[in-house]
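For the protein sequence lines, the chains are A and B, in the order given. Position one of the first sequence corresponds to residue 848 (my numbering), numbered consecutively onward. Position one of the second sequence corresponds to residue 848 (my numbering), numbered consecutively onward.
2 protein chains.
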Amino acid sequence: MAGRKSPNGSRSEQEGTPEPRRVPMREFSRSLPMSLLRAREAVMRQFRPSLRSHGLTEQQWRILRALTAVDTIEVTELARVAFLLGPSLSRILRDLEARDLIERRIAKADLRRGEVSISSKGLKLIEAVAPTSEAIYAEITHRYGARKLAELQDMLGELERSLAAMEVAGEGEVEADE
Amino acid sequence: MAGRKSPNGSRSEQEGTPEPRRVPMREFSRSLPMSLLRAREAVMRQFRPSLRSHGLTEQQWRILRALTAVDTIEVTELARVAFLLGPSLSRILRDLEARDLIERRIAKADLRRGEVSISSKGLKLIEAVAPTSEAIYAEITHRYGARKLAELQDMLGELERSLAAMEVAGEGEVEADE
DNA sequence: GAAATTTGATTAACATGTTAAGTTATCCGG
DNA sequence: CCGGATAACTTAACATGTTAATCAAATTTC
Chain A
848 MAGRKSPNGS RSEQEGTPEP RRVPMREFSR SLPMSLLRAR EAVMRQFRPS
898 LRSHGLTEQQ WRILRALTAV DTIEVTELAR VAFLLGPSLS RILRDLEARD
948 LIERRIAKAD LRRGEVSISS KGLKLIEAVA PTSEAIYAEI THRYGARKLA
998 ELQDMLGELE RSLAAMEVAG EGEVEADE
Chain B
848 MAGRKSPNGS RSEQEGTPEP RRVPMREFSR SLPMSLLRAR EAVMRQFRPS
898 LRSHGLTEQQ WRILRALTAV DTIEVTELAR VAFLLGPSLS RILRDLEARD
948 LIERRIAKAD LRRGEVSISS KGLKLIEAVA PTSEAIYAEI THRYGARKLA
998 ELQDMLGELE RSLAAMEVAG EGEVEADE
């Protein structure tokens, strides 16, 4: 009906029919990254409201959670366990410190390093949020099945390990020996 | 500077020993959200360099990929299939349009709706990136195992479905006793 | 032991995630 | 018709993801 519809001049398609382009790629919605993204979002959707009601984002929660497992921890190590990039962590720590949920000091032995620990206020917050989080986690486990959940985590872990080997293997794909 | 070290006044711990706090929660690094996050990151780490070398982010790629499967698509539907929130999509479409990778027009029947399609330039870009992406995907499949990969995706899909049921079920949990 | 390099952390700049508010266009009951 | 309610985006505002640059402190090298 309308004049020009088919913007792709190189295509021999006429207009009118919702013709899919022929780019031979995997069904998009079933790609592994999309599957993982959707699954994770489905999980986090359960937790976010509770965290938010306590004034915490997912990442802030991860950091505080990680801090409850140690006395003090260095920034780099914290980034590793909370799975955050340095810049993100820097910003969040600045905010958490301003809210008195954590405490920092500089390592005596190495003035470059920062040591972080949770404050008593932060600990109280964790203790306030934990029951709900645990309840949600229990509900998820129940709905999906504890057995299956454990299996899923095993498979995810193995996927990680499989890909870790690729990290460097593909580096020389262009150079061939550099 | 080096004066006080133990900031948590309520804790009876001395300093020196890396004593973990006692907050009875699941091992942090093995939580389902973390497992999914790490797995997805391990996967995307493989693709990002290639996408980046073509000037595309992961999300921009998702959008263009989704557009190759249709002639035109409405913004809301595109958000659904590319799994992006409206605001993110709005910004990205603005950018992609400015780069002439997509084309938009307003639906004649409903002036609120926008119809999006990929441009020939966008299509060429897809065709330039696709081979490398497919090769990476094939390598991942090979390393992890095609059988296992399919099984993993099935399990992720079932996890989604399990949690979809929770969405509304937990709504009234707060008003019951708060 | 001073210069060069490396390391730990932060800052900068840009893109996206997330929720809330705003805009314009449809729909709908009176 | 008309005005309120909805719907489809879009903007706004703030937080994080991501890469590059910066900066100070530690390590290595000559």
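Quick reminder that beta carbons are idealized off the backbone N, C-alpha and C, glycines included.
Beta-carbon neighbours of residue i, restricted to chain B and to distances below 9 Å
i: A:A1012; result: R990
i: A:A975; result: Those do not exist, as A:A975 stays about 11 Å from chain B at its closest Cβ, beyond 9 Å.
Spatially closest choice to residue i from the options, by CA coordinates
i: A:A916; options: A:R941, A:S966, A:E874; result: A:S966
i: B:K995; options: A:S1009, A:P978, A:L931; result: A:S1009
i: A:F875; options: B:E974, B:L911, B:D957; result: B:L911
i: A:I920; options: A:I983, A:S897, A:I949; result: A:I949
i: B:M891; options: A:S878, A:K955, A:S900; result: A:S878
i: A:E924; options: A:A982, A:R990, A:S964, A:Y991; result: A:S964
i: B:L898; options: B:P880, B:P978, B:P934, B:E944; result: B:P978
i: A:G902; options: A:A993, A:V976, A:E986; result: A:V976
Supposed contact pair residue j and residue i - C-beta distance, whole angstroms, cut 8 Å
i: A:Q906; j: B:M1013; result: So it is not a contact: roughly 23 Å between Cβ atoms.
i: A:R927; j: A:L940; result: Rounded, the Cβ-Cβ distance is 14 Å, inconsistent with contact.
Chain-ordered chain A contacts of residue i [CB-CB under 7 Å]
i: B:E1007; result: R885, A886, A889
i: B:L936; result: Simply none; closest approach about 15 Å.
i: B:Q893; result: L1010, M1013
Alpha-carbon to alpha-carbon, residue j and residue i
i: B:D942; j: A:S980; result: 38 Å
i: B:R885; j: A:E1007; result: 7 Å
i: A:R946; j: B:D1001; result: 43 Å
i: B:L909; j: B:A929; result: Reading off the sequence, residue 909 of chain B comes out as Arg, not Leu. Approximately 6 Å between the Cα atoms of the pair.
i: A:T988; j: B:A889; result: 24 Å
i: A:A1011; j: A:G961; result: 28 Å
i: A:A997; j: B:S900; result: 38 Å
i: A:E974; j: A:K968; result: 10 Å
i: B:D957; j: B:L931; result: 23 Å
i: B:L1003; j: A:L999; result: 8 Å
i: B:R938; j: B:V922; result: 12 Å
i: B:L816; j: A:R895; result: Past the boundaries of the shown model lies residue 816 of chain B; chain B is included only from 848 to 1025, so the question cannot be answered.
i: A:T990; j: A:R887; result: In the sequence on display, residue 990 of chain A carries Arg and not Thr. Using only the alpha carbons, I get a separation of about 16 Å.
i: A:D918; j: A:A954; result: 14 Å
i: B:I1005; j: A:S882; result: Note that residue 1005 of chain B is Glu in the sequence shown, not Ile. Those two C-alpha atoms are separated by around 11 Å.
i: A:G850; j: A:G933; result: Model confidence at A:G850 stands at a pLDDT of 35, short of 50, so the residue's coordinates are unreliable and nothing is read from them.
i: A:A985; j: A:L936; result: 29 Å
i: B:L914; j: B:A993; result: 27 Å
i: A:E944; j: A:R959; result: 18 Å
i: B:K852; j: B:P880; result: The pLDDT assigned to B:K852 is 37, lower than 50, so where the model puts this residue is not dependable, and the model offers no usable value.
i: B:A982; j: B:T904; result: 18 Å
i: A:L972; j: B:L972; result: 49 Å
For residue i: DSSP bridge partner residues
i: A:I939; result: A:I939 pairs with nothing; no bridge assigned.
i: B:E921; result: B:E962
i: B:E1005; result: DSSP lists no partner for B:E1005.
i: B:I949; result: B:I965
Cross-chain neighbours of residue i in chain B, by beta carbon under 7 Å
i: A:E986; result: M1013
Beta-carbon neighbours of residue i, restricted to chain B and to distances below 8 Å
i: A:R877; result: Q1000
i: A:V928; result: F875, S876
i: A:L1003; result: S882, L883, R885, A886, L999
Contact set between residue i and chain A, taken where Cβ atoms lie within less than 9 Å
i: B:L996; result: L879, L1006
i: B:A945; result: Simply none; closest approach about 16 Å.
Closer than 8 Å: residue i CB and nearest the ligand MN heavy atom
i: B:L999; result: Only the bare structure without any ligand can be found here, which leaves the ligand MN out of the picture.
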